[in-house]
Every structure is written in structure tokens, then in C-alpha cells.
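In the numbering used here, the protein residues as written are 57 to 252.
Glycine included, C-beta positions come from ideal geometry on N, C-alpha and C.
Comments concern the structure below.
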């Protein structure tokens, strides 16, 4: 959430594990409505393309602008949708890990950057993701929020079962420190993911 001149913006971040099944669409739209957010970020969409007609199936009608990174086969994929009555959005960068958008508030003209991230699960992909993330030039003069599914853990207690890779935890934490990022604490749940 970002606050400028007493105006707060709410952003929803969700690994939906696929958007192709019609049985999920009403639940997704209802959750976005309940969250009362202005921007919705999804990871692992498992969709190659998006059209406005499809966006209307999964989101309230006020979400009338969007950008996406296509899935590869039956995995990956990123989507960011927003209310154009509130924000202008410009694509800054996209690759297989991330979708970066500069948002400008129509309320007060303030700009800030959002990066929706999906880190891949294989060891080689994790290393490639970390190398990419460390190399990104996050301009310190601009406001940024990075969110998504990094597929890495910061601490052992972030896992709901044993078996975390200590080397990747160290690498992830050192990358966060290198970039000077501040983690927003999780509220409401013990874990960020569950299959229950």
C-alpha cells in the first residue's frame, strides 16, 4: 500500500495456479471484489494471452486495463490489471520472471513502480532469477514495490514442512540486502501459501 497526500492504494497479490478453468472465475472475481483493491497482480496464470473479454470474466468491470507476460506451456505467466479511472500504467520492462509497470495516480499525479514477480522452481532457474534480480537498477529516487511468488524462503519458519535449502535462503536474503529492500510483514496468515 502506498500513501501520497492522504490517499491509499490497495494492491492484491495472488498466485492463482492457473486461470484457464472456468470453475475458478467467479471465486477470483469475488475475492478481488472483497479485497476492494485498485490493482490486482496474479502469478502462474498458465495463459498464453489475455483479451478484454476474458478479463471481464475474472475481474470486476472497473478493472479495464492490464498487461501480462505469457505463460510457457502449462506453467508461468503474469498478469497485472488495474482501474484506469485511478491510474495510468506504462510498461517499463518484462521478461520471464517479472512484469514492471510505472503507475501514475490520476488523483494527484504521483508516480510509482510495481514489479510483479514469479521466480521459477528449478535450481538453475533460481540462480538465473537471483542473478537477474541483483542486476536490476531500482532507481533510489523512485518509489517501488516488488511483489509476487519468489519461490524462495527468507527463514526456516516460512516453510510449512522441513526441507528448506539453506544456500538459497542465504542467497535470497543477501540479494534483498544488496538491493536495500524492506519486507512488508505478512498479516493474517502464518504462511503465504496453502493447499488446504
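Under a 10 Å Cβ-count criterion, residue 111 is classified as buried, with 16 or more other Cβ atoms of the shown protein chains found around its own Cβ. Inclusion of residue 192 and residue 155 in the CB contact set at 8 angstroms is not warranted, their separation being larger than that value.
With the rule of 3 Cβ pairs closer than 8 angstroms, the stretch 148-164 does not count as touching the stretch 72-92. Residue 180 and residue 127 have their alpha carbons spaced roughly 19 angstroms apart. Taking C-alpha positions only, residue 210 is separated from residue 108 by approximately 37 angstroms.
Following the DSSP letters along the chain, one finds residue 231 inside the alpha helix (DSSP H) bounded by residues 222-235. The alpha-carbon separation between residue 186 and residue 231 amounts to approximately 7 angstroms. Under DSSP, residue 67 takes part in a beta bridge, and its partners are 95. The alpha-carbon of residue 199 is positioned some 31 angstroms away from that of residue 178.
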